[in-house]
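For reference, the structure is listed below as structure tokens.
In the working numbering, the protein residues as written are 226 to 434.
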């Protein structure tokens, strides 16, 4: 008689390894933001399961590659703790930002203890659950809008040899002159990773073009 025992494996990771998990999570989360905003037809995405949550992946190779290569290109900067925010920005036809989805990061690379991967994924999964129900907080986008992924750094990064990292260039997008209106969506505060997701909209006093 054979008895099979299903074991629950607790995988532990160090702070330095979290950068890779963060890249994978942001790729999924950013795709979820783009799907949420309805810029492309629903048929441009396919349903997948990630961290036991139903998410969406872009079918279009160019769209999928843009998101993947953009976020993957940030990996060496995450590993050095240089990235402060990763932002998905939507612009109107005049190239003025009308809405920003902000992922604000606090990655403590000096954290010496092990981290249970299941706990980290449980916390990140809550962001993916929260995103779809945040749609009423967002703005309706006008026709002929565009979007981009922008990263904000804590300090100017040095030249990087990574091919993907070299895809990042200084932005020339117009910035808001007044402090934005902020709408919180979800946050987690823990070591070694703290993460906030919130919306930014232009202030009512923002000059109109």
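Using N, Cα and C, we set each Cβ at its ideal position, and we do this for glycine too.
Inset, instruction - Note down, in chain order, each residue of its chain lying with its Cβ closer than 7 Å to the Cβ of residue 226, except the 5 sequence neighbours on either side. - result: As a working mapping, residue 226 is identified with position 1 in the chain shown. Because the pLDDT of residue 226 is 42, which lies under 50, any placement of that residue in the model is unreliable, and the number read from its coordinates should be weighed accordingly. There are no such residues.
Legend entry - Residue span of the alpha helix (DSSP H) that contains residue 289, given as start and end: Walking along the chain shown from the start, residue 289 turns up at place 64. It spans 286-297 - the alpha helix (DSSP H) in which residue 289 sits, taken as one unbroken run.
Legend entry - residue 365, DSSP secondary structure in three states: For the purposes of this step, residue 365 is identified with residue 140 of the chain shown, where counting begins at 1. Residue 365: coil per DSSP, three-state reduction.
Legend entry - Cβ distance (whole Å) where residue 376 is taken to contact residue 311 below 8 Å: Mapped onto the chain shown, residue 376 falls at position 151. Mapped onto the chain shown, residue 311 falls at position 86. About 5 Å separates the two Cβ atoms, so the contact holds.
Legend entry - For residue 421, the three-state DSSP class (helix, strand or coil): Numbered from its first residue, the chain shown carries residue 421 at position 196. Reduced to three states, the DSSP call for residue 421 is strand.
Inset, instruction - Go ahead and pull the three-state DSSP assignment for residue 255. - result: The count along the chain shown starts at 1 and reaches residue 255 at position 30. Residue 255 falls in the helix class under three-state DSSP.
Inset, instruction - Reducing DSSP to helix, strand and coil, say where residue 331 ends up. - result: Within the chain shown, numbered from 1, the residue matching residue 331 stands at position 106. Correct three-state label for residue 331: strand.
Inset, instruction - Go ahead and pull the three-state DSSP assignment for residue 271. - result: As a position in the chain shown, residue 271 is number 46, starting the count at 1. Here residue 271 sits in strand by DSSP.
Legend entry - Through-space distance from residue 346 to residue 353, alpha-carbon basis: What you label residue 353 is simply residue 128 of the chain shown in a count that begins at 1. What you label residue 346 is simply residue 121 of the chain shown in a count that begins at 1. The alpha-carbon atoms of residue 353 and residue 346 are separated by roughly 11 Å.
Legend entry - Limits of the unbroken beta strand (DSSP E) element including residue 315: Position 90 of the chain shown holds residue 315. It spans 308-316 - the beta strand (DSSP E) in which residue 315 sits, taken as one unbroken run.
Inset, instruction - Please confirm whether residue 247 and residue 303 have their CB atoms less than 7 Å apart. - result: Numbered from its first residue, the chain shown carries residue 247 at position 22. Numbered from its first residue, the chain shown carries residue 303 at position 78. It is a contact, given that the beta carbons lie within the stated cut-off.
Inset, instruction - Tell me whether residue 406 sits in a helix, a strand or coil according to DSSP, three-state version. - result: Translated into positions along the chain shown, residue 406 becomes position 181. Three-state DSSP puts residue 406 in a strand.
Legend entry - Length of the line joining the Cα atoms of residue 277 and residue 256: Here residue 277 refers to the residue found at position 52 when the chain shown is read from its first residue. Here residue 256 refers to the residue found at position 31 when the chain shown is read from its first residue. Distance between the alpha carbons of residue 277 and residue 256: 16 Å.
Legend entry - Terminal residues of the beta strand (DSSP E) in which residue 431 lies: Along the chain shown, read from residue 1 onward, the residue named residue 431 stands at position 206. From DSSP, residue 431 is part of no beta strand (DSSP E); its letter is neither H nor E.
Legend entry - CA-to-CA distance, residue 372 to residue 432, given in whole angstroms: By 1-based counting over the chain shown, the position of residue 432 is 207. By 1-based counting over the chain shown, the position of residue 372 is 147. About 21 Å.
Legend entry - For residue 355, the three-state DSSP class (helix, strand or coil): Taking the chain shown and counting its residues from 1, the one referred to as residue 355 is at position 130. Of the three classes helix, strand and coil, the one that applies to residue 355 here is helix, per DSSP.
Inset, instruction - Could you tell me the boundaries of the alpha helix (DSSP H) in which residue 301 lies? - result: For the purposes of this step, residue 301 is taken as residue 76 along the chain shown, with counting starting at 1. Residues 300-304.
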